[in-house]
Amino acid sequence: MSTISNLNVLIEKIKKASESIYFDPKDSLREKPSDPELLKNIMEEIKFTILEENLTEDNQNYLHGVLGNFYRIIGEPKEAIRYHKQCLSYAKETHNERKEIVSSIRLGEALKYADQPLQAMNHFNQTFDLCKKYGVDEYKDFVLQHKGKCLLEMEEYEEAERCFKRVLEIRKEKNDPSLIQSTEAAVDFVFELRER
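In my numbering, the protein residues as written are 112 to 307.
In structure tokens, the structure reads:
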């Protein structure tokens with residue numbers, strides 16, 4: 112099979128594995144794997160593909176980002192940080208503003224999972240500023256959603272709720288039902304925490 116075919120098959124497997132990820136209400140809505148072994152197996156396949164296939168730098172970077180996300184989700188944030196820093200460096204080197212923002216969001220999330228909430232907050236604030244600087248509005252809601260979750264973990268419930276409500280406004284303008292639903296769930300979750 113060609114490199115492209117192998118990569119396409121792997122991407123389908125990644126999508127399938129991603130469907131096993133859920134938001135844990137018992138752990139501040141952190142992403143968790145319902146099948147950790149599935150993610151670990153896909154991660155091994157990704158590493159093999161990076162080593163064995165003749166991939167473009169863009170495809171390698173994409174797979175590094177997936178590895179970073181999956182490492183974070185299986186509870187290995189230090190490895191996640193390493194991969195997301197690689198992705199962020201690549202985005203800066205190639206002057207790809209959108210990839211820089213996405214990689215920066217992912218790095219902030221990995222910092223949060225590494226129990227570095229203040230560094231994560233600084234990262235999210237810097238990423239929001241990047242969105243404004245580059246005029247890339249389509250990621251502002253993602254930055255704010257992750258910032259809200261970080262505030263939630265810091266037990267800054269009022270600020271988290273304000274953040275999520277702002278995200279909800281943006282997402283209603285985007286008219287994306289799945290994004291709206293995830294943010295409404297976050298607003299409800301904060302409300303429940305504040306009522307305790």
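Note that CB positions come from ideal geometry on N, CA and C, so glycine has one too.
Asked                                                                                                                                                      : Found
Note down the Cα distance separating K260 from A271, rounded to an integer number of angstroms.                                                            : 7 Å
Return the CA-CA distance between V254 and F235, expressed in angstroms with no decimal places.                                                            : 6 Å
Buried or exposed: where does T167 fall if 16 or more other Cβ atoms within 10 Å of its Cβ makes it buried?                                                : exposed
Compute the distance between the beta-carbons of A231 and E220, then report whether it is under 9 Å.                                                       : yes
By Cβ distance, which residues of its chain are closer than 7 Å to R209, with the 5 residues on each side in sequence left out?                            : V247
Can you tell me the Cα-Cα spacing of E249 and N170, whole angstroms?                                                                                       : 23 Å
Under the three-state reduction of DSSP, which class applies to I132: helix, strand or coil?                                                               : strand
Can you give me the Cβ contacts of A225 inside the same chain, cut-off strictly under 7 Å, excluding the 5 residues immediately before and after it?       : P188, K189 and I192
Once the 5 residues before and after K223 are set aside, which same chain residues still bring their CB inside 6 Å of it?                                  : A231 and C261
Between the C-alpha atoms of E284 and I184, what's the straight-line distance to the nearest angstrom?                                                     : 29 Å
Per the DSSP calculation, R142 is bridged to which residue(s)?                                                                                             : Correcting the residue identity first, residue 142 is Glu in this sequence and not Arg. According to DSSP, E142 bridges with F134.
With a cut-off of 8 Å on the beta carbons, I'd call L290 and R277 a contact; round off their distance for me.                                              : L290 to R277, Cβ: 13 Å. No contact.
Rounding to the nearest angstrom, what Cα-Cα distance links K158 and E142 in this structure?                                                               : 22 Å
CB L263 to CB F239, shorter than 9 Å?                                                                                                                      : no
Can you give me the C-alpha to C-alpha distance between D287 and Y194, rounded to a whole angstrom?                                                        : 29 Å
Suppose the cutoff is 7 Å on Cβ atoms and the five residues either side in sequence are ignored; what does the same chain contact list for I161 look like? : Q171 and L174
My output table needs one value for I185: the three-state DSSP class, helix, strand or coil.                                                               : coil
D135 to A297, Cα distance in whole Å?                                                                                                                      : 11 Å
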